[in-house]
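First residue of the sequence shown? That's 0 in numbering that gives the first Met the number 0, and the numbers climb one at a time after it.
Contents: one structure, followed by commentary.
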Amino acid sequence: MDKIQVVWFENNLRTTDHQGLHQATQHETPIIGVYVLESSLLEPTRYGFPKLGPYRLEFIDETLKTLKQNLQKHNIPLVIYLGNAYDAFRKLSKQYHIDAIHYEKAYASEEDTRHQSVIKAFPSTSFYAFDTKPLMHIRDLPFDIQDLPLSFTAFRKRVEKTLKIKQEVSIDGFKQSKTISVNNSDTFDGLYDQSSAPFVKGGEDEALKRLNYYLFESKKIKTYKETRNQMDAFDASSKLSPYLAIGALSPRTVYYQLKVFEQKHGSNDSTYWLFFELLWRDYFHYLLVRFGRKVFYKNGLFNTPYHPNENKNHIEAWKNANTGYPLVDANMREINTTGYMSNRGRQNVASFFCHYLKQDWRIGAAYFEYLLIDYDVASNYGNWLYLAGLGVDPRGTRIFDVINQGNRYDPTTEYLLKWLPELEPLPKQERYQGLSKNNLQQNLNLFEVDYPKPIVDKPIFKP
Ligand SMILES: Cc1cc2nc3c(=O)[nH]c(=O)nc-3n(C[C@H](O)[C@H](O)[C@H](O)COP(=O)(O)OP(=O)(O)OC[C@H]3O[C@@H](n4cnc5c(N)ncnc54)[C@H](O)[C@@H]3O)c2cc1C
0 MDKIQVVWFE
10 NNLRTTDHQG
20 LHQATQHETP
30 IIGVYVLESS
40 LLEPTRYGFP
50 KLGPYRLEFI
60 DETLKTLKQN
70 LQKHNIPLVI
80 YLGNAYDAFR
90 KLSKQYHIDA
100 IHYEKAYASE
110 EDTRHQSVIK
120 AFPSTSFYAF
130 DTKPLMHIRD
140 LPFDIQDLPL
150 SFTAFRKRVE
160 KTLKIKQEVS
170 IDGFKQSKTI
180 SVNNSDTFDG
190 LYDQSSAPFV
200 KGGEDEALKR
210 LNYYLFESKK
220 IKTYKETRNQ
230 MDAFDASSKL
240 SPYLAIGALS
250 PRTVYYQLKV
260 FEQKHGSNDS
270 TYWLFFELLW
280 RDYFHYLLVR
290 FGRKVFYKNG
300 LFNTPYHPNE
310 NKNHIEAWKN
320 ANTGYPLVDA
330 NMREINTTGY
340 MSNRGRQNVA
350 SFFCHYLKQD
360 WRIGAAYFEY
370 LLIDYDVASN
380 YGNWLYLAGL
390 GVDPRGTRIF
400 DVINQGNRYD
410 PTTEYLLKWL
420 PELEPLPKQE
430 RYQGLSKNNL
440 QQNLNLFEVD
450 YPKPIVDKPI
460 FKP
């Protein structure tokens, strides 16, 4: 039986700046890449929908196709299993002697349990964990993880003082001498509707193309800070999140390309701000490392008293974009149709779910998990906790006035009408109010708008 090393690909579907792959190429033994699609993620949970929905599934499938091609250039095969990791590695071990497995360290409980099931099943295999999800390696943080600052600003100020970001690693020039064949590679055929048009195309090559476009070709990065809060224009923000979440792109690649851009074309607040957002991403990652399972607790990180209502009709109205609050409904239609929603939209619909509807934040977060093409466990649950007021936010609960926010971030109502064209008959300045005004009946008769009335009253905002 041939001895092999395995690079276990999970949320790191790339060949550029891949620590585990780089590690594996330092050994003599041939390498096989393995990806396991956990079929349990496709089954409905207690909330009535699965953890992994069609948009991300398609994105992963496309990303794996590119990964296969890019690994092939180095004579490394990729084998895909549908099922569970334990069975996958058992199958592989019938064909090969697995000498070593290189895998990315997991901090979320489910992923860790999965790893442990494989580690226990192969006592004579060496396991090498690597950690390349964040921009800054845990060892390079200027504090022990138990002392992680409990506000983003404090975290940012500390890390910026001693900023240390490891250089990217590369396997350029490596070509596996021995050809290793694999069989039993599964496919995603039939798991999603392959005729749908994805929000963005998957794959490492597409990720690098998008990065290059956003920085060097279009130079949109130069105005990122001013545009990033828009809800509509595709280039208003980088749209790198799906690639970063699935690991088709390394945050270090973004960082070092940003530095090249700054050297060539100068730095400004906008170039800094992309780095600033990558620090937010790191911060949520390290909150998960620091707090573990508490990130998923109903009462949040500090066991804050929290008593959500349980109103199935309200949850359904939110999911189905029928709340009667135009900003919320437009954004929910967008995520339902594309698998993406802007950061401004996410903040508003999440705040609405937690504070207007007063529903259990975990249900909203789970719905995002199901739909988002860029779902990332730490960023999603961390942001939801933050908005629910159960995370690390010294400024307390974040309640947005979703009517003012609509008027402010979409003054032309172009975004709104894209998703809720039925509101067009209303005067522009009233569209974000929908049918919530006192002259509701008059509006209805006058404009014949087919749109629901608000399902709950707006909270009272202090001026
Ligand atoms: C309730 C809620 C849930 C979210 N869930 C996710 C998620 O599952 N996955 C995810 O990647 N982002 C999540 N975000 C953060 C943010 O909305 C998206 O990263 C961003 O909208 C992606 O678009 P972009 O790549 O164009 O972002 P850009 O504005 O171009 O930002 C560049 C990169 O910085 C990172 N980033 C930006 N904002 C944040 C943030 N608030 N938190 C963490 N990272 C950030 C992302 O990796 C992003 O790609 C969530 C935000 C909220 C409010």
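Using N, Cα and C, we set each Cβ at its ideal position, and we do this for glycine too.
The model shown is predicted, which means the values in this text are computed figures rather than measured ones.
Going by alpha carbons, who is nearest to Ala99 out of Tyr127, Ser116, Lys93, Lys160? Tyr127
Quick check on DSSP: helix, strand or coil for Asn308? strand
Exposed or buried, which one is Asn382 when buried takes at least 16 other CB atoms within 10 Å? buried
Per DSSP, which one or two residues make a beta bridge with Trp360? According to DSSP, which records beta bridges pairwise, Trp360 is partnered with nothing at all.
Grab the span of the beta strand (DSSP E) containing Asp98 for me, first residue to last. It spans 96-103 - the beta strand (DSSP E) in which Asp98 sits, taken as one unbroken run.
Beta-carbon proximity of Arg138 to Phe275, cut-off 9 Å: Contact flag unset, no.
Cβ-based burial, Ile245 [other Cβ within 10 Å; buried from 16]: buried
Those runs of the alpha helix (DSSP H) which lie wholly inside the region 67-140 and span at least 4 residues: 84-94, 108-120
Per DSSP, which residues does Leu36 bridge with? Please list them. Beta-bridge pairing links Leu36 to Leu81.
With three or more beta-carbon pairs closer than 8 Å as the criterion, would you say the region 323-342 touches the region 168-176? When C-beta atoms of the region 323-342 are compared with those of the region 168-176, fewer than three pairs fall below 8 Å, so the two segments do not count as touching.
Apply the 10 Å Cβ neighbour rule to Gly32 and answer buried if 16 or more other Cβ atoms are within range, or exposed otherwise. buried
Return helix, strand or coil for Lys297, following the three-state DSSP convention. Note: Lys297 maps to coil in three-state DSSP.
N- and C-terminal bounds of the alpha helix (DSSP H) containing Val5: Element bounds for Val5: not the alpha helix (DSSP H) but the beta strand (DSSP E), 2-8.
For Glu386, verify whether its CB is less than 8 Å away from any heavy atom of ligand 1. Looking at the sequence itself, residue 386 is Leu, so the reference to Glu does not match. True, at least one ligand heavy atom lies under 8 Å from that Cβ.
Given this structure, state the Cα-to-Cα distance separating Ser38 from Asn83, to the nearest angstrom. 7 Å
Between the alpha carbons of Ile3 and Gly19, how many angstroms are there, rounded? 14 Å
Taking 8 Å as the cut-off, does the CB of Gly381 come closer than this to any heavy atom belonging to ligand 1? yes
Which two residues bound the contiguous alpha helix (DSSP H) that contains Glu423? Glu423 -> no alpha helix (DSSP H), and no H or E assigned at all.
Among His17, Asp328, Ala349, which one has its Cα closest to the Cα of Gln166? His17
So for Ile314, helix, strand or coil by DSSP? Correct three-state label for Ile314: helix.
Hey, Pro69 and Arg113: beta-carbon distance below 9 Å or not? In the sequence under discussion, the amino acid at residue 69 is Asn, which differs from the Pro named in the question. It is not a contact, given that the beta carbons lie outside the stated cut-off.
One question on the structure: do Ile372 and Val199 come within less than 9 Å of each other, judged by their Cβ atoms? Between Ile372 and Val199, the CB-CB gap stays under 9 Å.
For Phe368, does the count of other Cβ atoms within 10 angstroms reach 16, so buried, or fall short, so exposed? Note on residue identity: the sequence assigns Glu, not Phe, to residue 368. Per the 10 Å Cβ criterion, buried.
Kindly indicate the opening and closing residues of the alpha helix (DSSP H) around Arg45. Segment: none, Arg45 is in no alpha helix (DSSP H) and carries neither H nor E.
So, Arg292 versus Ala377, is the Cβ gap smaller than 9 Å? no
Within a Cβ cutoff of 7 Å, which residues of the same chain sit near Thr270, ignoring the five residues on either side of it in sequence? Correct list, in chain order: Ile220, Leu257, Phe260, Glu261.
For Ile459, three-class secondary structure by DSSP: coil
Bridge-paired residues (DSSP) for Ile30: Ile30 is bridged to Gln4.
Report the rounded CA-to-CA distance for Pro451 versus Leu419, giving the unit in angstroms. Roughly 12 Å separates the two Cα atoms.
If you measure from the CB of Met230, is any heavy atom of ligand 1 nearer than 8 Å? no
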